[in-house]
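Okay, so here's the structure we're looking at.
Numbering (the numbering used here), first residue to last: 194 to 853.
Right, here's the structure in full:
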């Protein structure tokens, strides 16, 4: 029972000091003067109340029995205090209504705060996604604007230099033309002077010739015994010949006195024509460059306006957008702490980190669910989920789920090899669980496995099993990827003659080059993935470790890259098929066969018939006159194991097929 003061008031004994005093005759509502007079009274020492000791002992035992390492440790710790408070309320009947009202108000407030926190969690993810998208757009605009401005500046500088060079070359040619004109004028003056000098010289020659004739005539007269008539006749003929020659010479001099030699004329005319043509070409180029320069100035002005608009938009977005999230804070709430979060977040974008965080939140919430609601027994419900009522949650770890799914694959493959027939995965999945755990518990395991597969999309084992189980992907695609990885592993082991488990980089590249249909870029990606955990100085690659998986089924980067390339090559193959079909909205079997043979000339008839059957979802022996939409056919082929048989005759388009 509780200790009361001498006048019936509650004891004010403090819980933290058992030896302190309690004042007598203490009235809670008395005046300060009365309190001072009462404080002067002799203090009374009393022990701790027994009921208080019992409550404290009970609280210590309850707190010690709790496991405070769990995620909801604060709620577990609050429960003993609630019980103590309820004991306290029940024991004091007089104050029970007031204390119960206080307790209820606190409980209502706590429930309201929890509801508010749960409502804000989706908004937090949405804000992070919007922030990442805004940041990405801003960076893209900045980078695009920066590259375009730099390119335009460089092009303007280049054109300005080119214009200066053209001007200098034009000036040089103009100088040459002027120099040639001066030279031609000088040559003309020189020939004109020579023409006058020749006329004077001819006159002198005529005078000298006449003088010689006179001297000869006088000499002939002095010669004795000569025939005068004969000499006179010869002289007359000689004079006539001289006159004719003189006339012809004068005519020739008069006609060709101001004419230059044809050889020099043709040479000068050719030079003049070349210079004139070159000047016209340069003038035309100059005019074209001038127009381009004016166009570039206009483009530069428009670009400057766009830059100013983008800068204003960037400033507005920077003022309105939220800051980038600090993803390191997630390590405090993710199981495993900073080390596990670092492994999960390595090499991922913000969008991928949001997916990882949602997966962790989903799996955490899944562990807190005790039962699942049944989907019913309708025909549209998958056979492995047909159940009425609630289903118990087995609360499996990711490791347990991975081991179970791998065992399902082993059992299914062994059964198919034994019977020689392909069985349906949903039906085999249900029969496997019934065989392992009985009909009663099979649905509990089925629902638990299904929910774990649905949430854990980043795990290849879970996501691939889920896609095949729900019919999104064909089972042969899973076996095709595994066969590809197995064949490569065998080839690498065959190349390791010493069985050391390691290969040199050169040997590894040679084996990677054995893929006949892979491009050089894809081969380099595989080599880089194989060396991601090696130092730059190391040359040996441990190829065995490249194919290992951790306990949760996560593969090494090398195998993950192989699977990514498998999907990418199939998408590119179907992209080329779509481009070949052109603008067709519907396609028949003959047109589809022609398109396949065009993009893949080495495809054989059996494989071609198989692909046609997948596109039309008919057996090979059925008639192939059906017409289906092109998008439907491509979606069906995308869900199946469709691969290129031979090398591509040309490089296909790089546009994405998934967004078609």
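Glycine is no exception: its CB is placed at the ideal position from the N, C-alpha and C atoms. Given the structure is predicted, the values throughout are model-derived calculations rather than measurements.
- Here the segment 486-498 makes contact with the segment 330-348; the two share three or more CB pairs at distances below 8 angstroms.
- Closest by C-alpha distance to residue 480, out of 359, 303, 404, 786, is 359.
- The residue among 366, 375, 641 with its C-alpha nearest the C-alpha of residue 475 is 366.
- Close CB contacts of residue 781 within its chain, under the 6 angstroms cut and outside five residues either way in sequence, are with 820 (chain order).
- Setting aside the 5 residues that flank it on each side, residue 261 is surrounded in the same chain by 269, 270, each with a C-beta closer than 8 angstroms to its C-beta; the list follows chain order.
- When rounded, the separation of the alpha-carbon atoms in residue 466 and residue 769 is 56 angstroms.
- When rounded, the separation of the alpha-carbon atoms in residue 453 and residue 422 is 47 angstroms.
- For residue 554, the enclosing alpha helix (DSSP H) has its first and last residue at 543-561.
- Using a 10 angstroms sphere on the CB of residue 445, the tally of other CB atoms stays under 16, which defines it as exposed.
- In this chain, the alpha helix (DSSP H) harbouring residue 644 covers 618-648.
- In this structure, DSSP gives residue 842 a state outside helix and strand, which the three-state scheme calls coil.
- In this structure, the beta-carbon distance from residue 807 to residue 836 does not fall below 8 angstroms.
- Pairwise C-beta distances place the segment 305-323 out of contact with the segment 278-291, as fewer than three of them are shorter than 8 angstroms.
- The beta carbons of residue 696 and residue 688 sit closer together than 8 angstroms.
- At a Cβ-Cβ threshold of 8 angstroms, residue 248 and residue 280 count as neighbours.
- By the neighbour-count criterion, in which a residue is buried when 16 or more other Cβ atoms sit within 10 angstroms of its Cβ, residue 793 is buried.
- The straight-line gap separating the alpha-carbon atoms of residue 651 and residue 319 is approximately 20 angstroms.
- Residue 638 and residue 613 have their C-alpha atoms roughly 28 angstroms apart.
- Within the segment 651-734, complete alpha helix (DSSP H) segments of at least 4 residues are found at 653-662, 668-688, 698-705, 713-723, given in chain order.
- Excluding sequence positions up to five before and after residue 741, its CB lies within less than 7 angstroms of the CB of 749, all in the same chain and listed in chain order.
- Note that the C-beta distance between residue 662 and residue 618 is below 8 angstroms.
- Counting C-beta atoms within 10 angstroms of its own C-beta, residue 788 has 16 or more neighbours from the protein chains shown and is therefore classed as buried.
- Straight-line spacing of the CA atoms in residue 254 and residue 243 works out to 17 angstroms.
- By the criterion of at least three beta-carbon pairs nearer than 8 angstroms, the segment 616-633 is not in contact with the segment 537-557.
- The Cβ atoms of residue 830 and residue 804 sit closer than 8 angstroms to each other.
- The beta-bridge partner set that DSSP reports for residue 780 consists of 821.
- Between the C-alpha atoms of residue 510 and residue 327 there is a straight-line separation of about 8 angstroms.
- Counting along the chain, no beta strand (DSSP E) covers residue 503; the unbroken alpha helix (DSSP H) around it starts and ends at 455-513.
- Taking C-alpha positions only, residue 296 is separated from residue 259 by approximately 23 angstroms.
- For residue 564, the enclosing beta strand (DSSP E) stretches over residues 564-566.
- DSSP places residue 584 in the uninterrupted beta strand (DSSP E) bounded by 583-585.
- For residue 668, the number of other beta carbons within 10 angstroms of its own is at least 16, and it is reported as buried.
- Sequence-distant Cβ neighbours of residue 595 in its own chain, meaning closer than 8 angstroms and more than five residues away, are 652, 654, 655, 744, 745, 746.
- In this structure, DSSP gives residue 826 a helical state, which the three-state scheme calls helix.
- DSSP, reduced to helix, strand and coil, places residue 404 within a helical segment of the structure shown.
- In this structure, residue 589 places its C-beta atom within 8 angstroms of the C-beta atom of residue 641.
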